[in-house]
Structure formats: C-alpha cells, structure tokens
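A.B. asks: Take 1 as the starting number for the sequence shown in the UniProt record's numbering and just add one per residue. In this text, a Cβ means the ideal position worked out from N, Cα and C, and glycines have one as well.
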Amino acid sequence: MPKVFVYGSLKRGQSNAFMMEGAQFVAPARSVQCWRLVALPHYPALVREEGPCRITGEVWEVPETMMAELDRFEEVPVLYTRQEIEVELDGQEGRTADRLLMAHAYFMPAVLAAAGRELPEGRWPA
C-alpha cells in the first residue's frame, strides 16, 4: 500500500483527520530533507524549497483508492502537487536504514504560499 506523510490538518487530532479513516497509522516521522513549512490561515503548506529544518508529521499506509480521494481533497494539481520524499520514522528501534522509507507528501508552489508565516521549527500547529 502507498504511504503518505501528513504534516498538517490530516494528522491525528486535527480538523481534517477524518480524511484518514480507512488508512493505517504507521508512526510519527520527520522528513529527511529540510523543507520550508508555512502557516496559512487554516492549515500549513509544505514548500519544495530548502528550509531551516526537517518537517514533523505522521506516516500513514493508505489504500490505493484513497490516494485519488486525498488528491481531490488537496486540490491536486491546482493547489498542491504530490511527490515522494524520504522520511525517517520516529520512535523506532534498530538501524537508521530500517527507519527510512519513501512516502507521498503534498507540496504547495512557493507563489501560492507566499502569504504564509514561516514555521522555522518545522511543526504545525506551532
């Protein structure tokens, strides 16, 4: 099953967590690469530009059919694009290589995220 890295309103306890019903929570995780994360009025946006730190989020395994639902929810390709990134699972025992995996993440173009407030700690809510 595909894996998705969520960093905002799709996380457990957040306003859009209901969208993950039918998916299997894997673990808390962080992006391996440092990206920009910005806060917009109601949700964050991940920008595919080098940022100050790794992004904190969650990894979920989702049924293949759910990927299309998430794409519609995230308004791909108008508002976001979906791309695979490398993430490291938190709280897992063993070698670092065993904690690394690829997961889909949703990125907003920098021009659309320009009005957002930078989240230099890489976590939302801040």
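1. Could you tell me if Glu75 is buried or exposed, where buried requires 16 or more neighbouring beta carbons within 10 angstroms of its beta carbon?
2. Between the stretch 52 to 62 and the stretch 24 to 42, do three or more beta carbon pairs fall short of 8 Å?
3. Three Cβ pairs or more, each shorter than 8 Å: is that satisfied between the stretch 113 to 124 and the stretch 33 to 41?
4. Following the continuous alpha helix (DSSP H) through Ala105, name the residue where it begins and the one where it ends.
5. Between which two residues does the beta strand (DSSP E) holding Arg30 run?
6. Mark Pro44 as exposed unless 16 or more other C-beta atoms lie within 10 angstroms of its C-beta, in which case mark it buried.
C.D. replies: Well, looking at it:
1. exposed
2. yes
3. yes
4. Where Ala105 is concerned, there is no enclosing alpha helix (DSSP H), although the beta strand (DSSP E) it sits in stretches over Leu100 to Phe107.
5. Gln24 to Ala39
6. buried
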